[in-house]
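Structural data, given as structure tokens:
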């Protein structure tokens, strides 16, 4: 009986793995695309296009930190390639870092001044910034008005429904209403600040990438086994071949 040995072909090249990754992206199989690009990068670690493609796949998986790392590596390897800055801008925009995204889009436009998509993205980011500012001002204004209205209603109810109103002097009534209005302003301002502080939180490194500040495990010390013989007795038994 003859033994048939299966012959394996040569391992795939970086370009072949890149093509497989591109095909996976077309089919929206982004995890598979990341795996192909990663294998290709191992074979060709200085290929900036591979990092750019993997950055896009990571972005589609909402892995903003990993996507930004690949975009930055793309820029580092090829600082004159507009698409590297475009990749970085896309991650920054998705993370809510609008100022940084505009800067990256502008840098890409400087390298590719005739790209209409870059101009469109810069306009979109600028419009989004303006809308965000208007929304913030509206929140502060509405919160201030709500506080003032509550203050006025409380003053009216206190004066109309209680036998001994707490606020009897007009100045006290006005001061109380303004105080609640100021509390409303502070609440609205705090809400807008919380929203701005939340920008970029998706760029926090995943916990499984490192120790996350955890202390390294302590070395295990194995105690020495105590001998039931003294050193002199042990040497004597060793000479007699009993050890």
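Numbering (the working numbering), first residue to last: 13 to 255. Yeah, the Cβ is synthetic: ideal placement off N, Cα and C, and Gly gets one too.
Taking Cβ positions, are residue 82 and residue 214 nearer each other than 9 Å? For the purposes of this step, residue 82 is identified with residue 70 of the chain shown, where counting begins at 1. For the purposes of this step, residue 214 is identified with residue 202 of the chain shown, where counting begins at 1. For residue 82 and residue 214, no; Cβs fall outside 9 Å.
* Asked: Taking residue 68 as the reference, which of 42, 88 and 51 has the closest Cα?
  -> As a first step, residue 68 is located in the chain shown; it is residue number 56 there, counting from the start. Looking at 42, 88 and 51, the one whose alpha-carbon comes closest to that of residue 68 is 42.
Does DSSP put residue 222 in a helix, a strand or coil? Along the chain shown, one-based indexing puts residue 222 at 210. Below a pLDDT of 50, predicted positions are generally treated as unreliable, and residue 222, at 40, falls in that range; the measurement from the model is reported next regardless. Secondary structure of residue 222 (DSSP, three-state): coil.
| query | Are residue 96 and residue 113 touching if we call contact CB-CB under 9 Å? | reply | If you number the chain shown from 1, residue 96 lands on position 84. If you number the chain shown from 1, residue 113 lands on position 101. Going by C-beta atoms, residue 96 is not nearer than 9 Å to residue 113.
| query | Less than 9 Å separating the beta-carbons of residue 104 and residue 116? | reply | What you label residue 104 is simply residue 92 of the chain shown in a count that begins at 1. What you label residue 116 is simply residue 104 of the chain shown in a count that begins at 1. In contact: residue 104 and residue 116 (Cβ atoms closer than 9 Å).
Report back the beta-carbon spacing between residue 63 and residue 89 to the nearest angstrom; my notes put them in contact at under 8 Å.
-> Against the chain shown, residue 63 aligns to sequence position 51. Against the chain shown, residue 89 aligns to sequence position 77. Sure, about 7 Å apart at Cβ, within 8 Å.
Exercise. Cα separation between residue 170 and residue 106?
Worked result: Mapped onto the chain shown, residue 170 falls at position 158. Mapped onto the chain shown, residue 106 falls at position 94. For residue 170 and residue 106, the gap between their C-alpha atoms comes out near 50 Å.
Counting Cβ pairs, one atom from each stretch, are 3 or more of them under 8 Å apart for the region 168–187 and the region 132–150? At 8 Å Cβ cutoff, the stretches do not touch.
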